[in-house]
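Written below as structure tokens is the structure these notes are about.
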Amino acid sequence: MQTFISAGTALTGITPALAEPPAEQPFDGETPRRIARELAQKSYSAPSTDLPKALNDMSYDEYRRIRFDPQRALWKNENLPFQLQAFHRGFLYRSRVDLFEVSNGKSRPIAYSPDLFIFQNVTRPDPADLGFAGFRLHAPINRPDYFDEVCAFLGASYFRAVGKDLLYGLSARGLSIRTGDAAGEEFPAFRTFWIEKPREGMNGITVHALLDSESATAAYRFFIKPGEDTVFDVESTVFPRVDIPTAGIAPLTSMFMFNANNRNRFDDYRPAVHDSDGLMMATGRGEQVWRPLANPRELQISVLGDINPRGFGLMQRARGFSDFDDLEARYERRPSLWVEPIGDWGEGAVHLVEIPTTTEIHDNIVAFWRPKDTLKAKGEYRYTYRLHWLPQHLGNGGLARLVSTASGNGWTQGARLFVLEAQGGKLADIPPDTELKAVVEAGGAKIANVVVHPNPETKGWRLNFEMTPGNSKLVELRAQLQNADGQPLSETWIYRWTA
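Here's what the structure looks like:
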């Protein structure tokens, strides 16, 4: 749940109130790639952060009081399926971002003017070419007569989206570098966006972007299709300025504070607080993996090696109001986000970074794909993938999902009891008197008292086992339900226990 503030309602598509209309330039799909390739040959130059003092020093509440005039949306009166609205610069969002509208093979700058904004008890800046902080797109996904906000690009390379009846939650990023590294993270940022004017009747919109940072440039093409599930088709090309051994492809950023597993650490009336509760992965071998998230006492990094992954994502499986009991945050309506690689990504690993947090306003979970091989300076690396913003990605429908993980003191002295709930898949059709097999493994710990039995309350199955860590401070656990022939009936559950 990145600090990502909604700052307005519209952006003009009419000639701005600044001097003469800006000149058009030729544009095609290769334009951002060509610019990024050329820019990578030059030394990095940071984006402008020069702002009037009032904007530079403003608070969160002041920033929220800057909004667009709702009548000035780009394409508002053109009977088109999308409208574009922009964010003002200020507060945390000081860096300049340039926006261009693309139509008929030409790009035209969308110029800033203070006349486009409503400043509520906030000092109005003098007319100047301030640029913007980012933008958002609206489309009618919940009802045909209202343009809902469906996605937004704001801050570094962050962006986020929703599907029907969902609320903003976790974010995606264009690229991450040195995430979780002791040397400190580098945050690449989108510098320029080219938004193709949609045609009447279209169900999607194309956005191009230029990303820049000390270590790399990159070009992106997003085809955004809002709906029940909102889908981004992403084509990315990375141009390293220097060797990058710590690149993160298709990075996701979320928040996990607590649920039943660590509820005793927080004096809070709510039973759980999180935007996501687990990492899901479909490996190149066809295995479906589920890793419940944690809020560790110390930073933890988990690495799941693979070759040509079929997908990974951060899921929000808790979907009932009673799971959170929060009328304001409505965490049960936060989206899950699934990354579907297109083509072969080769050898590498999904990295999961879990950062300690005591507050829900800061993101503390990051997941991304890291290629095994270093991205070399002056190289060109293309990654194509699809982002699915949806309530839940079910994955292999034949496998049961591990929908709940709980732990506490075991029956044996020094042991921890784990209780896993499995639902769905072929388990739903298995008679309750069937004897199922559980494979439970632990590195550096003892497993005992493994029991599998039906749960009539959930119409699923429950797996109990005890884990005795002994002197181990960290234990990697793995479990799966199987039939008598050893065929998987559930996804593979993995978990990191720490003392």
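For the sequence shown, the numbering used here gives the first residue as 4, with consecutive numbering after it. Every residue, glycine too, gets a C-beta built ideally from N, C-alpha and C.
Of the listed residues the options, nearest to residue i (C-alpha basis)
i, options, result
"V125", "R404, Y66, A142", "Y66"
"L213", "W500, W464, R37, S407", "R37"
"G382", "L282, D246, T286", "D246"
"F495", "T461, E444, N474", "With the sequence shown as reference, residue 495 is identified as Thr, and Phe is not the correct amino acid for it. The option with the nearest alpha carbon to T495 is E444."
"W348", "G251, D64, A192", "G251"
"N145", "V292, D129, S48, D232", "D232"
"D168", "I208, G287, R336, T361", "R336"
"L157", "D148, G93, G187", "G93"
"E479", "G401, P295, P338", "P295"
"S279", "D132, K228, Q395, Q44", "Q395"
"E290", "G281, L307, K45, A297", "L307"
"L58", "N367, H91, H211", "H91"
"Q88", "Y63, A155, D64, R111", "A155"
"L477", "T195, G32, P143, Q303", "Q303"
"I113", "A76, M260, N458, I368", "A76"
"F468", "K462, K440, L178", "K440"
"A466", "V210, V422, K109", "This sequence places Leu at residue 466; Ala is not what is there. Selected option, being the one with the closest Cα: V422."
"V241", "G108, A39, D432, L140", "A39"
"M260", "A332, L340, T361", "T361"
"Y161", "D366, A43, P55", "D366"
"A164", "P459, G230, L102", "G230"
"P73", "F122, D432, L42", "F122"
"N399", "A142, G187, R288", "R288"
Exposure of residue i, with buried meaning 16 or more beta-carbon neighbours within 10 Å
i, result
"I345", "exposed"
"N452", "exposed"
"I364", "exposed"
"P24", "With a pLDDT of 47 at P24, under the threshold of 50, the modelled position of that residue is not reliable, and the figure given next carries that caveat. It counts as exposed."
"F193", "buried"
"D488", "exposed"
"Q86", "buried"
"K79", "buried"
"D270", "exposed"
"L330", "exposed"
"P147", "exposed"
"N267", "exposed"
"N262", "buried"
"S325", "exposed"
"Y149", "exposed"
"N206", "exposed"
"A185", "exposed"
"A297", "buried"
"N264", "buried"
"R385", "exposed"
"S46", "exposed"
"A136", "buried"
Whole-angstrom C-beta distance between residue j and residue i, which should lie under 8 Å
i, j, result
"Q483", "V442", "5 Å"
"I180", "S239", "With 8 Å as the limit, I180 and S239 do not qualify as a contact, their Cβ atoms being about 14 Å apart."
"V100", "G134", "6 Å"
"A448", "T415", "12 Å between Cβ atoms; not a contact."
"F120", "R68", "The pair is not a contact, with the Cβ atoms about 10 Å apart (cut-off 8 Å)."
"S339", "L405", "The Cβ separation is near 15 Å, so there is no contact."
Neighbourhood of residue i by C-beta, 7 Å cutoff - its chain only, sequence neighbours within 5 removed
i, result
"P299", "E357, P359, T501"
"G411", "L420"
"A380", "P243, R244, V245, D246"
"Y388", "V237, A253, V342, E343, P344, I345"
"P117", "R127, P128, P130"
"E301", "P359"
"P491", "L402, Q483, Q485"
"L83", "P201, E203"
"T461", "E424, Q426"
"G446", "V478, E479"
Neighbourhood of residue i by C-beta distance below 6 Å, restricted to the same chain and skipping five residues each side
i, result
"P374", "G351"
"P248", "T377"
"F190", "A159"
"R481", "E444, I497"
"S62", "none"
"A370", "L255, L282, L317, L355"
"T209", "E199, F226"
"Q28", "S110"
"A321", "D280"
"R139", "Q88, E152, A155"
"P55", "P128"
Chain-order list of residues whose beta-carbon lies under 8 Å from that of residue i (same chain, five-residue window excluded)
i, result
"K429", "G401, L402, A403, L492"
"P457", "P435, G463, W464, R465"
Below-9 Å beta-carbon distance, residue i vs any chain C residue
i, result
"D376", "The displayed structure is made up of one protein chain only, and chain C is not part of it."
Residue i Cβ short of 8 Å to the ligand NAP heavy atom set
i, result
"S106", "For the structure depicted, the ligand NAP is absent and the ligand set is empty, with no information on it obtainable."
Inset, instruction - Would you check if there are 3 or more beta carbon pairs closer than 8 Å linking the segment 209–226 to the segment 353–362? - result: no
Inset, instruction - Pair every Cβ in the segment 161–173 with every Cβ in the segment 47–56, then say whether three or more of these pairs are closer than 8 Å. - result: In short, these stretches do not touch, since the Cβ pair count stays below three.
Inset, instruction - For the segment 274–288 and the segment 189–205, state whether three or more C-beta atom pairs, one from each stretch, are separated by less than 8 Å. - result: In this structure the segment 274–288 does not lie against the segment 189–205, because fewer than three pairs of beta carbons, one per stretch, are closer than 8 Å.
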